[in-house]
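J.:
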Amino acid sequence: MAKKPTPQQIAERAQSAFELHRVGRSSEAARVLAPVIEHAVNMPKVNYLFGQILGSNGQHERSVVFFRRACKKLHSDPITRTELALSLKRSGQYEESMVEIKKARAMDPWYARAAAIEADLLQDMSRYEEACALLDKFEKEVPADRMGIEEQAHLLSIRARLSPRYIKNVDQLIEDIFESVNDKRVNRQMRSILASCAANLLEAKGRYDEAFDAITRSKMERAIPWDPDDYSRRTDAMIKAWTSDAAAKLPSAQVDGSGVIFILGMPRSGTSMLEQMLSLHPAIQPLGERNDVVHTAAAIDPPPPGKLSMPANFSRLTPENITKLGKACLMALNATREPGKIYVTDKQPFNFVYVPLIAKLLPGAKVLHTMRDPRDTCISYFKQWFNGKHGQANSFETLGRYYHDYRRTMAAWESLEQPTRCPAMMRVQYEQVVSNPEPVMRRVLDFLGLEFDERVLSPEKSDRIVTTASREQVKSKLHTGSVARWKRYEKHLGPLLEHVSQYIDDPEPTDGD
């Protein structure tokens, strides 16, 4: 804004942003409030709201800044402190998160949301027995007037993660969960979470049809908007733009991106596992799922509200601007690089959309494209509950179409000249990694120009905390237990197979892939 806004003007924008955020239009809410937020340092409720909005947009590191501001003014408020702890947790700052959640619980020991988040945090840190003890103690001692329907539902969702090892009666837990799922007094988001929890518990007991019904119920409760026709049209436009003669003439940023590895592909294709394995190599530092390239793409070609940027307009890609954007992106990726680390990794799966942009933005960067049987990939994606909006996974029909669009996108990028229009890129097949990891990891490390280190074959020995949906799997020894899981749901796969059958019998990647 040209003039410094008045408190009244800030409050009016905050109210508009709140209304947008309330109905799920968080990207628009952020644009409304962002121009005045630096003038609202002394307005804790506005900073709290902006922190919530940023969190909804997946910008957890930025949200921490604004929750901290709010806490400075509301230093005795357990609710604000709890949201700060949650944003720290979601940005991977676990020790700091634990400090803040303990402060919140000291302010109000019977605030159920804080107790639930502390228990969830303990599980993230593999302190399962402590999490179980915390939940048992809280539920036993909490005053009745502090334990409403919503609080009970939230605690159930946290306890479900402890099954089966720390749950004596899983059938009773499933029954309790469905009681909350069917209770209209519980908000729809939590009903969706709980239905997803029930699906996982049912699958573990071999009750696959019931698990499928529970997953479907979870999707129905959440009802995330998704237009597959629009996504396909945007994919067409993006591919046409980046495979054009005009794209071949685009400038490259004057930066050195050779110290960055992008691990990408379909969600649930093995990106977390591969990053966990590489993290054990002394030359590689894992950064988890970053959004630096996603946000850069949005600055180049702003997307429609609530949608991922799929750049097809190159008007902002001037030599000066691409270098400016490349430097900013590289600075963000290098911000926590430790001495002696040759590479940092970004395992944001959706970076598959931006492969040719990465070639221009960070010349010299390398790409590892994880692939997995499309049936297993899509079923795993369909079953998973995400904090973010993944409307493409609403059904096997929408997911099948999305998978097809992903594959034709990657095929287009693979046809481009490397490394000028597409970074040096290698396919990594999930099934090969889990069944015979050493030759695969030797090829991967050779592709990266690194010596083989046998530690990469033992991801379960890492003490690194993983924040993604695959956090439990990557803490285990490599195994083939997740191969061909699609057979459990085979009779439901018709709508999916209509779109992905052509990709099922892919040839095995060779050393040159």
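Per the numbering used here, the sequence shown starts with residue 1, numbered consecutively.
Virtual Cβ for every residue (Gly too), placed ideally from N, Cα, C.
Model, not experiment: these values are computed from the prediction.
With a CB to CB cut of under 8 Å and the five nearest residues on each side skipped, what residues in its chain are close to residue 398?
T.: In the sequence shown, the residue the question calls residue 398 occupies position 398. Same-chain partners within the cutoff: 226, 228, 391, 392.
J.: Identify, in the order they occur along the chain, each residue of the same chain with its Cβ nearer than 7 Å to the Cβ of residue 265, setting aside the five sequence neighbours on each side.
T.: Counting from 1 along the sequence shown, the entry for residue 265 is found at position 265. Correct list, in chain order: 271, 349, 352, 369, 370, 371.
J.: Would residue 82 be called buried (16 or more neighbouring beta carbons within 10 Å of its own) or exposed?
T.: Position 82 of the sequence shown, counted from the first residue, corresponds to residue 82. Buried: at least 16 other Cβ atoms inside 10 Å.
J.: Taking the alpha-carbon positions, what's the residue 380 to residue 420 distance?
T.: Position 380 of the sequence shown, counting from 1, holds the residue named residue 380. Position 420 of the sequence shown, counting from 1, holds the residue named residue 420. Using only the alpha carbons, I get a separation of about 34 Å.
J.: With distances taken from CA atoms, which of 196, 202, 213 is nearest residue 172?
T.: The sequence position of residue 172 within the sequence shown is 172, counting from 1. For the residues 196, 202, 213, the minimum Cα distance to residue 172 belongs to 202.
J.: Run through DSSP, which three-state label would residue 190 get?
T.: Within the sequence shown, residue 190 is the residue found at index 190, counting from 1. Correct three-state label for residue 190: helix.
J.: With a cut-off of 8 Å, do at least 3 Cβ pairs link the stretch 124-134 to the stretch 99-114?
T.: Taking 8 Å as the limit for Cβ pairs, the verdict is that the stretch 99-114 does not touch the stretch 124-134.
J.: Between residue 211 and residue 174, what straight-line distance do the alpha-carbon atoms span, to the nearest angstrom?
T.: In the sequence shown, the residue the question calls residue 211 occupies position 211. In the sequence shown, the residue the question calls residue 174 occupies position 174. Spanning the two alpha carbons is a distance of roughly 11 Å.
J.: Using 8 Å for Cβ pairs, my map puts residue 514 next to residue 104. What's the rounded Cβ distance?
T.: In the structure as shown, the chain begins at 1 and stops at 513. Residue 514 is therefore absent and cannot be evaluated.
J.: Assess contact between the stretch 6-18 and the stretch 36-50, defined as three or more Cβ pairs (one per stretch) separated by less than 8 Å. Is contact present?
T.: In short, these stretches touch, since the Cβ pair count reaches three.
J.: Within this structure, are the beta carbons of residue 403 and residue 377 separated by less than 9 Å?
T.: Here residue 403 refers to the residue found at position 403 of the sequence shown. Here residue 377 refers to the residue found at position 377 of the sequence shown. Cβ atoms of residue 403 and residue 377: closer than 9 Å.
J.: Which term fits residue 499, buried or exposed, when burial requires 16 or more other beta carbons within 10 angstroms of its beta carbon?
T.: Counting from 1 along the sequence shown, the entry for residue 499 is found at position 499. Its Cβ being crowded by 16 or more others within 10 Å, residue 499 is buried.
J.: Give the DSSP bridge partners of residue 330, in chain order.
T.: As a first step, residue 330 is located in the sequence shown; it is residue number 330 there, counting from the start. DSSP output for residue 330 lists no bridge partner at all.
J.: Beta-carbon separation of residue 366 and residue 287 under 9 Å?
T.: Reading the sequence shown from its first residue, position 366 is the one you call residue 366. Reading the sequence shown from its first residue, position 287 is the one you call residue 287. No, the Cβ-Cβ distance between residue 366 and residue 287 is not below 9 Å.
J.: Can you give the beta carbon distance from residue 401 to residue 232, rounded, assuming they're within the 8 Å contact cut?
T.: In the sequence shown, residue 401 corresponds to position 401, counting from 1. In the sequence shown, residue 232 corresponds to position 232, counting from 1. Rounded, the Cβ-Cβ distance is 7 Å, consistent with contact.
J.: When you compare only the Cα positions, how much space is there between residue 435 and residue 246?
T.: Locating residue 435 in the sequence shown gives position 435, where the first residue counts as 1. Locating residue 246 in the sequence shown gives position 246, where the first residue counts as 1. When rounded, the distance between both Cα atoms is 43 Å.
J.: State the CB to CB distance for the pair residue 342 and residue 259, rounded to an integer number of angstroms; the pair is presumed to be in contact (CB under 8 Å).
T.: Indexing the sequence shown from 1 puts residue 342 at position 342. Indexing the sequence shown from 1 puts residue 259 at position 259. Yes, residue 342 and residue 259 are in contact; Cβ-Cβ is about 6 Å, under 8 Å.
J.: So for residue 470, helix, strand or coil by DSSP?
T.: Position 470 of the sequence shown, counted from the first residue, corresponds to residue 470. For residue 470, the predicted model reports a pLDDT of 48, less than 50, meaning its position is unreliable and no value from the coordinates is stated.
J.: Leaving out five residues before and five after residue 34 in sequence, what residues of the same chain have Cβ atoms less than 7 Å from its Cβ?
T.: The sequence position of residue 34 within the sequence shown is 34, counting from 1. Same-chain partners within the cutoff: there are none.
J.: Once you ignore the five residues that flank residue 76 on each side, which residues in its own chain have a CB closer than 8 Å to its CB?
T.: Counting from 1 along the sequence shown, the entry for residue 76 is found at position 76. Within the same chain, residue 76 has close Cβ partners 107.
J.: With a threshold of 7 Å on Cβ separation, who are the neighbours of residue 194 within its own chain once the five nearest residues in sequence on each side are excluded?
T.: Working through the sequence shown from its first residue, we reach residue 194 at position 194. Within the same chain, residue 194 has close Cβ partners 153, 156, 157, 177, 180, 181.
J.: Among residues of its own chain, excluding the 5 on either side of residue 58, which ones have a beta-carbon nearer than 7 Å to its beta-carbon?
T.: In the sequence shown, the residue the question calls residue 58 occupies position 58. Result list for residue 58: 291, 388, in chain order.
J.: Just to confirm my understanding: we take residue 149, look at its own chain, exclude 5 residues before and 5 after, and list those with CB closer than 7 Å. What are they?
T.: Taking the first residue of the sequence shown as position 1, residue 149 is located at position 149. The answer, listed in chain order, is 183, 185, 186.
J.: Tell me which residue opens and which closes the beta strand (DSSP E) that residue 369 is part of.
T.: Stepping through the sequence shown from its first residue, residue 369 is reached at position 369. Residues 366-371.
J.: Leaving out the 5 sequence neighbours to the left and right, which residues in its chain are closer than 7 Å to residue 306 when beta-carbon positions are compared?
T.: As a working note, residue 306 is residue 306 in the sequence shown. So the qualifying residues of the chain are 25, 27.
J.: CA-CA distance, residue 340 and residue 285?
T.: Residue 340 sits at position 340 when you count from the first residue of the sequence shown. Residue 285 sits at position 285 when you count from the first residue of the sequence shown. In a straight line, the C-alpha of residue 340 is about 10 Å away from that of residue 285.
J.: May I ask you to report which of helix, strand or coil DSSP gives residue 290?
T.: The count along the sequence shown starts at 1 and reaches residue 290 at position 290. Coil at residue 290, not helix or strand.
J.: Just confirm the distance between the C-beta atoms of residue 439 and residue 276, as a whole number of angstroms; I'd bet it's less than 8 Å.
T.: Numbered from 1 along the sequence shown, position 439 holds the residue referred to as residue 439. Numbered from 1 along the sequence shown, position 276 holds the residue referred to as residue 276. Not quite, the Cβ-Cβ distance comes to about 19 Å (not below 8 Å), so this is no contact.
J.: In whole angstroms, give me the CA-to-CA distance for residue 413 and residue 385.
T.: Taking the first residue of the sequence shown as position 1, residue 413 is located at position 413. Taking the first residue of the sequence shown as position 1, residue 385 is located at position 385. The alpha-carbon atoms of residue 413 and residue 385 are separated by roughly 29 Å.
J.: Among residues of its own chain, excluding the 5 on either side of residue 41, which ones have a beta-carbon nearer than 7 Å to its beta-carbon?
T.: Along the sequence shown, one-based indexing puts residue 41 at 41. Cβ within range, chain order: 69.
J.: Going along the chain, which unbroken runs of the beta strand (DSSP E) with 3 or more residues stay wholly within the stretch 342-422?
T.: For the stretch 342-422, whole beta strand (DSSP E) runs of length 3 or above, ordered along the chain, are 343-346, 366-371.
J.: By Cβ distance, which residues of its chain are closer than 6 Å to residue 115, with the 5 residues on each side in sequence left out?
T.: If you number the sequence shown from 1, residue 115 lands on position 115. Cβ within range, chain order: 138.
J.: Can you find the residues in the same chain that come closer than 7 Å, C-beta to C-beta, to residue 91, ignoring five residues on each side of it along the sequence?
T.: Within the sequence shown, residue 91 is the residue found at index 91, counting from 1. Once the five neighbours on either side are set aside, the close Cβ partners of residue 91 are 60, 61, 64.
J.: Compare the beta carbon distance of residue 262 and residue 294 with 9 Å and say whether it is the shorter of the two.
T.: Numbered from its first residue, the sequence shown carries residue 262 at position 262. Numbered from its first residue, the sequence shown carries residue 294 at position 294. Contact flag unset, no.
J.: For residue 262, list the residues DSSP reports as bridge partners.
T.: Here residue 262 refers to the residue found at position 262 of the sequence shown. Per DSSP, 346, 367.
J.: Out of 269, 213, 408, 84, state which residue places its alpha-carbon closest to the alpha-carbon of residue 492.
T.: Start at 1 with the first residue of the sequence shown, and residue 492 comes out as number 492. Checked all of 269, 213, 408, 84; the closest Cα to residue 492 is 213.
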